[in-house]
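Peer 1: In this note's numbering, the protein residues as written are 282 to 668. Even glycine gets a Cβ: it sits at the ideal position worked out from N, Cα and C.
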Ligand code: SF4
Ligand code: F3S
C-alpha cells in the first residue's frame with residue numbers, strides 16, 4: 282500500500298491548504314531559497330518557485346523517519362529544539378516527520394523504547410536520517426557512554442549502518458565539544474571521526490540553533506540530499522557568514538568604538554565587544570541573522586561576546602573575555618578577520634599578555650596574513666577611538 286504523504290498526514294490533522302502553503306513558504310524562506318537550481322522554461326533559465334517546490338515535495342513524500350541518539354551531552358540541543366522559535370517547524374519535525382526514537386523526548390522508556398528503535402532501524406533501513414547529539418567516546422571501546430547495555434560506539438555504528446544521511450547536531454557531536462576539553466578522559470570526538478563511509482553534516486553550536494537543525498533535515502527531505510557544506514562539513518546556507526558579518530554592533534566596530542568593560546558607559550551604549558573577547562569575526566554561524574527565541578536576540582545583542590561555540594576546539598581554544606589576539610584564535614579559522622584580529626592584537630592587545638604568548642601571536646599573525654582570502658569581509662580593525 283502506498284504510504285501517505287506528509288501533506289495527507291497534516292490534512293488529516295486538520296491543516297488547511299492555505300496553512301499548508303504558508304508552512305511551505307516558511308520552510309522555503311528558512312532554507313535560504315538558494316537551494317533551488319535553475320530550470321529551463323520558455324527558452325530561459327529560471328529559478329523555480331521555492332514555495333511550490335516545497336509544496337510538491339511535501340505532497341509526494343512520505344514521512345521521513347528520524348532516529349535521534351544522544352551521547353555525552355547536556356541535552357541542550359534537544360531542549361532548544363523543543364523550544365524552537367518556529368513552533369510550526371519544530372512541530373513538523375518533532376511530530377509529523379516521525380521521530381521514531383529520541384531518548385529524551387519520547388514518551389516510552391526502557392525495553393519499549395529500545396524495541397521501537399530496533400523496529401525503525403529494520404523497517405526503514407536505508408531511508409532514515411540519523412541525528413546525533415553529544416560526543417561519541419573512543420576510550421576503552423566506548424564504555425564510558427553506555428545505553429541499554431550497549432556502548433555508544435556500537436550504538437552509533439549500528440544506527441549509522443542503515444542511515445541515508447547523518448546529522449551531527451551541536452558542537453559535541455560535530456567536533457567533540459566540551460566533553461573533549463582537556464584532559465578528555467573519555468576520548469570524546471566528533472561523529473565524523475568515527476563514521477567515514479556515510480554523508481555526515483555538522484550543525485555545531487552550543488547549543489545548535491534549532492532552525493538550522495530543522496532546516497537541514499527539511500533540506501534532505503525536500504532535495505533528497507544534504508546541503509552543500511564548507512570544509513568543516515557545515516551547511517553553507519547557515520554557516521557561510523561570520524557572526525561579525527551580520528552583527529548589529531558592526532557599525533561601532535567600523536567606527537572604532539569598543540566597550541572596554543561590561544558595566545561601563547561604552548557597554549551601555551552598545552559598543553562593539555571585540556576588546557572583551559568577542560570571537561564573532563572568526564566564528565561562522567547564523568546567530569546574528571536567525572537569532573534565538575523568535576528572533577528576539579543572540580548573545581552579542583544581549584551584551585555577551587561571541588565565544589565561538591560553532592568552531593572546533595572552542596572550549597580549549599580559550600580566550601574567553603580577553604581581547605582577541607592571534608594566539609587565542611582557533612587554528613581552523615581562516616578569515617580576513619583573523620588577520621584583522623591579529624593585526625589589532627599586534628597593535629594593542631599584546632601589551633597585556635606574556636612574552637611566550639606574544640611570540641606565538643606573532644607567528645600566528647604571519648600565518649594568518651598568508652592564509653587570508655582576498656575577498657575580505659572586513660579590512661583591518663579600526664583604531665580604537667577615545668571619547
Ligand atoms: Fe559584533 Fe563581535 Fe564583530 Fe564587534 S567583534 S561587531 S561585537 S561580532
Ligand atoms: Fe555561539 Fe557565538 Fe552564536 S557563542 S551562539 S556562535 S554568538
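Can you grab the Cα-Cα spacing for the pair residue 300 / residue 285, in whole Å?
Peer 2: Looking at the two C-alpha atoms, the distance is approximately 19 Å.
Peer 1: Could I get the ranges of all uninterrupted beta strand (DSSP E) runs contained in the segment 423-499, with 3 residues as the minimum, in chain order?
Peer 2: The segment 423-499 contains these whole beta strand (DSSP E) runs: 446-450 and 481-484.
Peer 1: Determine the extent of the beta strand (DSSP E) in which residue 560 is found, giving its start and end residues.
Peer 2: Note, residue 560: premise wrong, no beta strand (DSSP E); not H, not E.
Peer 1: Does the Cβ-Cβ distance between residue 382 and residue 410 come in under 8 Å?
Peer 2: Not in contact: residue 382 and residue 410 (Cβ atoms no closer than 8 Å).
Peer 1: For residue 528, I'd like the list of residues in its chain whose CB is within less than 7 Å of its CB, leaving aside the five on either flank, ordered along the chain.
Peer 2: So the qualifying residues of the chain are 561, 569 and 581.
Peer 1: Given residue 341, which residues of its chain have a CB within under 7 Å of its CB, disregarding the five upstream and five downstream residues?
Peer 2: Hits under 7 Å: 286.
Peer 1: Among the candidates 291, 479, 385 and 415, whose CA atom is the shortest distance from the CA of residue 343?
Peer 2: Residue 291 is the option with its Cα nearest to residue 343.
Peer 1: Answer with yes or no whether the minimum CB distance from residue 388 to chain B is below 8 Å.
Peer 2: Absent from the structure: chain B. Only one protein chain is present.
Peer 1: Using only Cβ atoms and a threshold of 6 Å, which residues come within that distance of a heavy atom of the ligand SF4? Order them by chain position.
Peer 2: Listed along the chain, these residues meet the criterion: 524, 525, 528, 530, 531, 534, 553, 554, 555, 559, 561, 562, 581 and 587.
Peer 1: Pairs of beta-carbons, one from the segment 323-342 and one from the segment 450-458, closer than 8 Å: are there three or more?
Peer 2: Contact between the segment 323-342 and the segment 450-458 is absent, because fewer than three Cβ pairs lie under 8 Å.
Peer 1: Using CA coordinates, which residue listed in 516, 543 and 524 is at the minimum distance from residue 311?
Peer 2: Among 516, 543 and 524, the Cα nearest to that of residue 311 belongs to 516.
Peer 1: Under the three-state reduction of DSSP, which class applies to residue 416: helix, strand or coil?
Peer 2: Residue 416 falls in the strand class under three-state DSSP.
Peer 1: So, is residue 591 buried or exposed, given that buried needs 16 or more other C-beta atoms within 10 angstroms?
Peer 2: Flag for residue 591 reads buried.
Peer 1: Classify residue 291 as helix, strand or coil using the three-state DSSP reduction.
Peer 2: It is helical.
Peer 1: Identify the residues that DSSP records as bridge partners of residue 523: which are they?
Peer 2: 565.
Peer 1: Determine the DSSP secondary structure at residue 355, reduced to helix, strand or coil.
Peer 2: Looking at residue 355 - three-state DSSP - the assignment turns out to be coil, as it is neither helix nor strand.
Peer 1: Residue 541 and residue 547: beta carbons closer than 8 Å?
Peer 2: Cβ atoms of residue 541 and residue 547: closer than 8 Å.
Peer 1: Determine, using beta carbons only, whether residue 363 and residue 414 come nearer to each other than 8 Å.
Peer 2: No.
Peer 1: If we count Cβ pairs, one from each stretch, closer than 8 Å, do we get three or more for the segment 351-358 versus the segment 414-428?
Peer 2: Yes: the two stretches touch, three or more of their Cβ pairs being nearer than 8 Å.
Peer 1: Since residue 553 sits in a beta bridge, which residues does DSSP pair it with?
Peer 2: Answer by DSSP bridge pairing, in chain order: 539.
Peer 1: Over the uninterrupted alpha helix (DSSP H) stretch that includes residue 335, give me the two end residues.
Peer 2: Its alpha helix (DSSP H) spans residues 331-341.
Peer 1: Quick one: residues in its chain with C-beta nearer than 6 Å to the C-beta of residue 469, no 5 flanking neighbours on either side, listed in chain order?
Peer 2: Here the set comprises 353, 416, 418, 457, 460 and 461.
Peer 1: Would residue 430 be called buried (16 or more neighbouring beta carbons within 10 Å of its own) or exposed?
Peer 2: The residue in question, residue 430, is exposed, as its Cβ has fewer than 16 Cβ neighbours within 10 Å.
Peer 1: Considering only heavy atoms of the ligand F3S, does any lie closer than 7 Å to the CB of residue 566?
Peer 2: Checking the Cβ of residue 566 against the ligand F3S gives yes.
Peer 1: I need the DSSP call for residue 385, collapsed to helix, strand or coil.
Peer 2: If DSSP states are grouped into helix, strand and coil, residue 385 belongs with coil.
Peer 1: From residue 387 to residue 454, what does the alpha carbon distance come to, in whole angstroms?
Peer 2: Looking at the two C-alpha atoms, the distance is approximately 20 Å.
Peer 1: Within 10 Å of its beta-carbon, does residue 612 have 16 or more other beta-carbons around it, so buried, or fewer, so exposed?
Peer 2: Annotation note: pLDDT 41 at residue 612 (below 50); position unreliable, coordinate value reported separately. Exposed: under 16 other Cβ atoms inside 10 Å.
Peer 1: Using the beta-carbon count (16 or more within 10 Å), is residue 598 buried or exposed?
Peer 2: It counts as buried.
Peer 1: What residue from 519, 512 and 488 has the CA that sits closest to residue 500's CA?
Peer 2: The candidate whose alpha carbon is nearest that of residue 500 is 519.
Peer 1: Could you say which of 504, 502, 503 and 521 lies nearest to residue 511 if we only look at CA atoms?
Peer 2: Considering only alpha carbons, the answer is 521.
Peer 1: On the DSSP bridge assignment, give the partners of residue 516 in chain order.
Peer 2: According to DSSP, residue 516 bridges with 510.
Peer 1: Which class does residue 321 belong to by DSSP, given the choice of helix, strand or coil?
Peer 2: Three-state result, residue 321: strand.
Peer 1: Taking Cβ positions, are residue 407 and residue 445 nearer each other than 8 Å?
Peer 2: Closer than 8 Å, so yes.
Peer 1: My understanding is that residue 551 touches residue 533, with C-beta atoms under 8 Å, so please give their C-beta distance in whole angstroms.
Peer 2: That pair is a contact at about 7 Å.
Peer 1: Using the Cα positions of residue 328 and residue 504, report the straight-line distance between them to the nearest angstrom.
Peer 2: Approximately 15 Å between the Cα atoms of the pair.
Peer 1: Among the residues of its own chain, which have a CB less than 6 Å from the CB of residue 396, if the five just before and after it don't count?
Peer 2: Here the set comprises nothing.
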